[in-house]
Amino acid sequence: MQDKPLVEVKKLQKNYGDTQVLKEIDGTVMPGQVICVIGPSGSGKSTFLRCLNMLEKPTAGQVLFEGKDTSKFSDEELTVLRERMGMVFQSFNLFPNLTVLDNLKLAPIRVKKMSDKDAEEEARSLLKRVGLEEKANVYPSSLSGGQAQRVAIARALAMDPEMLLFDEPTSALDPEMVGEVLAVMKELAEDGMTMVVVTHEMGFAREVANEVWFMADGYILEKNEPNELFNHPQNPRAQDFISKIIGN
Amino acid sequence: MKVKGRNILLTIMTLCLSLLFLFTIQPTHHTAYAADDSLQKIKDRGTIIMATSPDYPPYEFQVSKNGKSRIVGMDVDIMKQVAKDLGVKLEIKSMSYDSVLVAVETGKADVAMSGINPTAKRRQSVDFSEIYYNGGQSFLINKTDIGKYKNKAALAHKKIGAQTGTLQYNLAKSKIPGATVKGMDKNTDLVLALKTHKIDALGIETPSAEAYVKNDHDLAMIKSGYKLNKNETGSAMAFRKGSGTLAAAVNKSIDKIKAKHLTTQYLADAGKYMKVNTNNTSMIHYWNYFAKGIEYTLLISAISVIFGVLLGTILALMRFSKSKLLKAISVAYVEFVRGTPLMVQVMFVYFGVGIIVNLPALLSGIIAVSLNSGAYVEEIIRGGINSVDKGQTEASASLGLAKSDTMRFVVLPQALKNIWPALGNEFVSLVKESSIVSIIGVTDLIYQLNIVRADTYRGVMPVFIAMCIYFVMTFILTRVLNYFEGRMKHAR
Ligand SMILES: Nc1ncnc2c1ncn2[C@@H]1O[C@H](COP(=O)(O)OP(=O)(O)OP(=O)(O)O)[C@@H](O)[C@H]1O
Ligand SMILES: [Mg+2]
Chain A
45 MQDKPLVEVK KLQKNYGDTQ VLKEIDGTVM PGQVICVIGP SGSGKSTFLR
95 CLNMLEKPTA GQVLFEGKDT SKFSDEELTV LRERMGMVFQ SFNLFPNLTV
145 LDNLKLAPIR VKKMSDKDAE EEARSLLKRV GLEEKANVYP SSLSGGQAQR
195 VAIARALAMD PEMLLFDEPT SALDPEMVGE VLAVMKELAE DGMTMVVVTH
245 EMGFAREVAN EVWFMADGYI LEKNEPNELF NHPQNPRAQD FISKIIGN
Chain B
-19 MKVKGRNILL TIMTLCLSLL FLFTIQPTHH TAYAADDSLQ KIKDRGTIIM
31 ATSPDYPPYE FQVSKNGKSR IVGMDVDIMK QVAKDLGVKL EIKSMSYDSV
81 LVAVETGKAD VAMSGINPTA KRRQSVDFSE IYYNGGQSFL INKTDIGKYK
131 NKAALAHKKI GAQTGTLQYN LAKSKIPGAT VKGMDKNTDL VLALKTHKID
181 ALGIETPSAE AYVKNDHDLA MIKSGYKLNK NETGSAMAFR KGSGTLAAAV
231 NKSIDKIKAK HLTTQYLADA GKYMKVNTNN TSMIHYWNYF AKGIEYTLLI
281 SAISVIFGVL LGTILALMRF SKSKLLKAIS VAYVEFVRGT PLMVQVMFVY
331 FGVGIIVNLP ALLSGIIAVS LNSGAYVEEI IRGGINSVDK GQTEASASLG
381 LAKSDTMRFV VLPQALKNIW PALGNEFVSL VKESSIVSII GVTDLIYQLN
431 IVRADTYRGV MPVFIAMCIY FVMTFILTRV LNYFEGRMKH AR
């Protein structure tokens, strides 16, 4: 593992109007690391993730990507940032007006200026990787939730990113489909992909994550390696939260 | 998405003021610079353009022969003689009576000739030729009322009808004590009102009254008994102000016509056409009129809906743009267009814009209807864009796609699919609303309907036919659109 951080977050703060959603967030993501973020609903996990790829502009503090302040990025630099940092959403957000194949091809062609032929080749091999090559020409509405999320992951991969952000990728899925998506994510982690994953799948976190961050009230209250954090949480809020999700 | 109300108001006001400026500056421009080239212009062009409202037999009306329709009547014959004397060809532009004077003022036509009385008020805005015919004033009444309304005095406190903007209208108002004067745009409508006893008498020029009485045995006429200055009651041709050379040349022809008593012959010829007409007043005989009307109505609606969608899309994108100026222009445009009647917009494009570039009536109609439709389509498209889930934009941004690409490949296609039914409705309503272009003489269904009514002296039947045609058109259109909507749903 290299020693230079890929992403550094320093005193990150985000307000929506008068409400402070992120109060003071600090953290470092090293290349190849998998970080799982857990915490109660409304604690600001999604907001934090969206500040990393600048879907939201931080109110104060900094997000450094390879040491450079992302809030000072030009439009071109922002495009490059998003090429290198993909995102997968809870509700998939596939484009319903395009076929599965075109969902994968759109960004490589428009952003990376890839030729149609190369983009198609790449897309088909990615679909194969997530086990959906036979779905290339269907529209997203005919996919099951698990299939849709695997396509969404393939779409993010089509930009050949170094890092992926996942915002609760399995919480909109029927339980029997969670496994297939987690399996794909696990494979990615094993291949060395840097990932920040908001999830409450403790099994996945234990198995794959290097670190788990517990978030509440706009702060990261505790960081530790997964088994330590799940078995011996120090912060009382974390203890309370973990006992609840284990109880479920 | 909010633009301050004050901003919009400001933009609209600037828009209005600059338009006002444009139009106030126009007349001075003409008196200051233009020498009288009115006659020379016509000779150079080789054509004299006459504006007329061909629903006023025997002055001017439309007849069909061998499936072809043309405008005939005393005015046309006189104008043919004038054109011959000038050594040029005659071109006739037909439009509503309200529009003919505006047409010469704005240079759409060289001469307006539609049985126009040269009143003092009109002389302020146009020049007139000598009076070429003085038919005198009469009233049309129902034959059953012949005993009741023997003369003008008997009409006191009654309901009198007259064409709006005509001498007859003003006379009825000022010279018949206690009369209620009801104005309508067309004599055909007024005759119908008379026959259904909505009015008691109809003020009309004697030759027209004679034509109606000859063609409709339920009608009778009485002399008006007005004491009038002859100069105000005859018919004259109107020219744009400052057309001295043209007026002089035309007056020479008129003198010749008067000396030879040619108008008697012209009226007799017009009467013959009217005879031909009344022999065949079944609606089937006029099917080609209605067919042509349908063709134009569909043409205007279809083209306008396409341009409306293009314009509406541009306006909607402007509305979503970062630039405050673009946003304000879009908001102002939509507010302005929605806040003014289509009819006014049609007249503005034809006559107003016509001062700068000379647009044919059909093109003006299409432009006005498209511009109007664009404002409404903008709202539909904006709704469609807002209806697309925010997650779509975010997913697209997270892939590094530019805002414009996101719009083009992700948001707009989905928005268009969502608003397809609303756009279909817009098309259907355009088919109905485009009927307004008939006022500038576009030969759409309404225009044809009025020709058929004037031609057949039948007030109701053509209206009924047109109503059925409109219904069938919109009904079929709705079915077709529903079919495609169903197929679009199927494809996903
Ligand atoms: N665009 C916004 N405008 C105003 N408030 C917002 C906006 N987005 C999020 N919030 C508020 O910020 C807080 C944190 O939201 P966020 O979605 O980051 O929480 P979360 O931890 O992801 O919750 P969940 O587990 O429910 O997804 C919430 O109270 C939410 O209402
Ligand atoms: Mg969330």
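These protein sequence lines map, in sequence, to chains A and B. With the first letter of the first sequence counted as 1, position 89 gets the number 133 in this note's numbering; the numbers rise by one all the way through. With the first letter of the second sequence counted as 1, position 352 gets the number 332 in this note's numbering; the numbers rise by one all the way through. Glycine included, C-beta positions come from ideal geometry on N, C-alpha and C.
The residues Q134, S135, in chain order, have a CB closer than 6 Å to that of A216(A) in the same chain once the five nearest residues on each side in sequence are set aside. Nearest neighbour of K48(A) by Cα position, chosen from G111(A), D62(A), Q64(A), turns out to be G111(A). Closer than 8 Å to the CB of L403(B) there is not a single CB belonging to chain A.
When Cβ-Cβ separations below 8 Å define contact, E465(B) makes no contact with chain A. Chain A places a beta carbon closer than 8 Å to that of D385(B), counting this residue as a contact. Set against 7 Å, the gap from the CB of G88(A) to the closest heavy atom of ligand 1 is smaller. In this structure L174(B) is in contact with L120(B), their Cβ atoms being roughly 6 Å apart against a cut-off of 8 Å. For S367(B) against N398(B), the beta-carbon gap comes to about 5 Å, under 8 Å, which counts as contact. In terms of side-chain proximity, the C-beta atom of Y263(A) is found no nearer than 7 Å to any non-hydrogen atom of ligand 1. In this structure, D62(A) has its CB at a distance of at least 7 Å from all heavy atoms of ligand 2. V314(B) and L290(B) do not touch by the CB rule: their CB atoms are close to 15 Å apart, not below 8 Å. Around A377(B), the beta-carbon contacts reaching into chain A at under 8 Å are L99, R126. Three or more beta-carbon pairs drawn from the segment 319 to 328 of chain B and the segment 347 to 354 of chain B are found closer than 8 Å, and the two stretches are therefore classed as touching.
One Cα belongs to V228(A), the other to K304(B), and the distance between them is close to 46 Å.
Nearest to L273(A) by C-alpha distance, out of G83(A), G76(A), A198(A), D204(A), is G83(A). In its chain, beyond the 5 residues on either side, S118, L120, A189, V193 have a beta carbon closer than 6 Å to the beta carbon of M201(B). Contact annotation: D424(B) and G288(B) have beta-carbon atoms that are not nearer than 8 Å. Apart from sequence neighbours up to five positions away, the residues of its chain that approach Y246(B) with a beta-carbon distance below 7 Å are M54, D57, I58, ordered along the chain. The beta carbons of G88(A) and V107(A) sit no closer together than 8 Å. Within 8 Å of the CB of R154(A), the CB atoms of chain B belong to L381, A382, D385, F389, in sequence order along the chain. D369(B) has its CB no nearer than 7 Å to any heavy atom of ligand 2.
Note that the C-beta distance between G183(B) and Q148(B) is below 8 Å. For K397(B), the nearest beta carbon of chain A is closer than 8 Å to its own beta carbon. Separation of the CB atoms of M131(A) and L209(A) is rounded to 5 Å, and the pair is thereby assigned contact status at 8 Å.
Taking a Cβ-Cβ cut-off of 7 Å, Q42(B) has no neighbours in chain A, whose nearest Cβ is about 51 Å from it. Boundaries of the alpha helix (DSSP H) around D235(B): 224 to 239. Boundaries of the beta strand (DSSP E) around M217(B): 215 to 220. As for any beta strand (DSSP E) of minimum length 3 sitting wholly inside the segment 66 to 128 of chain B, the runs are 69 to 74, 106 to 113, 117 to 122, ordered along the chain. DSSP places G189(A) in the uninterrupted alpha helix (DSSP H) bounded by 189 to 201. Interface flag for T63(A) against chain B is unset, since no Cβ pair is found closer than 8 Å. Taking the C-beta atoms as reference points, A282(A) is found nearer than 8 Å to L265(A).
Straight through space, the alpha carbons of N150(B) and A31(B) are spaced by roughly 23 Å. Among the residues facing chain A, P340(B) is not included, as its CB has no counterpart in that chain under 8 Å away. Straight-line spacing of the CA atoms in I153(A) and V174(A) works out to 21 Å.
Relative to the non-hydrogen atoms of ligand 1, the Cβ of V65(A) comes within a distance shorter than 7 Å of at least one. The beta-carbon of N141(A) is placed less than 8 Å from the nearest beta-carbon of chain B.
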